[in-house]
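Report on the following structure.
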Amino acid sequence: MGPGSELYLEVSVELTSHPAQWLNIPREVLSFAFFGLKLPSVPIKVSMIQSPAGPQGFLSALLQPVFGSDSFQYLKAGRYSPTVLLQDIMLAAFPTQLAERRELHQAEMAELSNLTKNIPIFVCTMAFPGIPCPLHVFEPRYRLMIRRCQESGTRRFGMCIYENGKSFADYGCMLEIRQVEVLADGRSLVDTIGRQRFRVLSRGHRDGYHTADIEYLEDKKVSGEELQELQCLHESTYRLAQRFCEHGDLTSRHILMQHGPLPEKEEDIQASADGPTWCWWLISILPLDPSYQLSLFSCTSLRARLSQLQHILTALLQQPPPRHLLPEHSPRGRV
């Protein structure tokens, strides 16, 4: 055991046994790295947390693996109380470094809160506005990304599919995190739902995952006679969708079991910038190639999307799809 290790253990024992003696420790024996602020591969923190066991259990809480039974349940809850003594020591001994780390953390959170610049991008599957997108997250880079999205308060990130010749496609969907279940081994089951569509303006990287500057898409509004014609097309396409879902063949039964019933149609078809939710539900469950789904996704004409859906539904109702086009049972979003 080297000198650094001996000092670390000696100081740790002093902390757990006699917390008050910390106030008399000479400044030169303290190390900023000891407080977890400079350790490699450890996220920057600006406060020390208190373990459920109190000061006497602080050392054991630090040394336990995060997936240990007691510590894991505590960390999973995400409700931490500051350790006042350690914060006072840090403030007294390292005021400059602590201020720098706080500023860095605040800048990071402010950047993550901007939902058009440097947004985190999850490269995985097609996602659609208003449609749930469950994810199984186990890659460290995406686990870090999810944690940052939660800490920033936005609880949002972009989802794009991979595209040949590019790191990810030019269009994607903003996802909102509704719930995160952290498993004992660090993996997460993340319940998300699609929000706005966007177009990628530029690409970047951050700590292993992709980022992008984006602009949001919005369907072109129509009025007067055009709107009346669009409403008629909307009604007729929705009736075809109902027929398809009630068809009773193997494909329809798979869809209903896996995705639930067809959503209700909206009265105001132009209320949302992305158009009726039921259209996206249909696009997400139909046996379509992802590249074709992406072309429908990027289209900003509701009339064009409805016309394409009408053509697809008519063809499917006239002729059963081949076996290889039946929906798969595998879960979406495995990363």
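According to my numbering, the residues represented by the sequence shown are 597 to 931, in order. Quick reminder that beta carbons are idealized off the backbone N, C-alpha and C, glycines included.
| query | result |
| --- | --- |
| In terms of residues, what are the limits of the beta strand (DSSP E) holding Leu-731? | 728-733 |
| When you compare only the Cα positions, how much space is there between Gly-726 and Phe-840? | 21 Å |
| Are Leu-912 and Leu-892 touching if we call contact CB-CB under 9 Å? | no |
| Just the Cα atoms here: how many angstroms apart are Gly-782 and Ala-689? | 34 Å |
| With a Cβ-Cβ cutoff of 9 Å, do Gly-871 and Leu-898 count as a contact? | yes |
| Thinking C-alpha only, which one of Tyr-805, Glu-863, Gly-856 is nearest Leu-826? | Glu-863 |
| My assumption, with CB atoms under 8 Å, is that Met-722 sits in contact with Ile-773. Please give the rounded CB distance. | With a Cβ gap of about 18 Å, Met-722 and Ile-773 do not count as contacting. |
| Leaving out five residues on either side along the sequence, give the residues of the same chain with a beta carbon under 7 Å from the beta carbon of His-801. | Thr-807 |
| Residues bridged to Asp-684 by DSSP? | Asp-684 is not bridged to any residue. |
| Since Trp-877 and Tyr-834 are thought to touch, with beta carbons under 8 Å apart, how far apart are those beta carbons, to the nearest angstrom? | About 11 Å separates the two Cβ atoms, so there is no contact after all. |
| If you follow the beta strand (DSSP E) that Thr-788 is in, where does it begin and where does it stop? | 784-802 |
| When you compare each of Pro-691, Val-719, Leu-771 to Glu-759 by their alpha carbons, which one comes out closest? | Val-719 |
| What does the Cβ neighbour count give for Asp-815, buried or exposed, with the cut at 16 atoms within 10 Å? | buried |
| Would you kindly check if the distance between the Cβ of Ser-880 and the Cβ of His-850 is under 9 Å? | no |
| Quickly, what does DSSP pair Met-549 with across the bridge? List them, please. | This structure gives no information on residue 549, because the portion of the chain shown stretches from 597 to 931. |
| Rounded to whole angstroms, how far is the Cβ of Leu-711 from the Cβ of Arg-752, which I believe are closer than 8 Å? | 6 Å |
| How many whole angstroms separate the CB atoms of Leu-836 and Leu-909, which I take to be in contact at a CB cut-off of 8 Å? | 4 Å |
| Under 8 Å Cβ to Cβ from Tyr-805, same chain only, skipping five residues before and after it: list those, please. | Pro-716, Ile-717, Phe-718, Arg-737, Tyr-738, Leu-740, Met-741 |
| When we look at the beta-carbon of Val-680 and count the other beta-carbons within 10 Å, is it buried (16 or more) or exposed? | exposed |
| Just to confirm, are Gly-761 and Ile-810 a CB contact at a threshold of 9 Å? | no |
| Looking at C-alpha atoms only, which residue of Asp-803, Asp-766, His-732, Gln-693 is the closest neighbour of Leu-744? | Checking the displayed sequence, the identity of residue 744 turns out to be Arg instead of Leu. If we check each option's Cα against that of Arg-744, Asp-803 comes out closest. |
| Rounded to a whole number of angstroms, what is the C-alpha to C-alpha distance between His-907 and Phe-724? | 20 Å |
| Starting from His-830 and walking both ways along the alpha helix (DSSP H), at which residues does that stretch end? | 820-841 |
| Since Arg-791 and Asp-766 should fall inside the 8 Å C-beta cutoff, what is the C-beta to C-beta distance between them, to a whole number of angstroms? | Rounded, the Cβ-Cβ distance is 18 Å, inconsistent with contact. |
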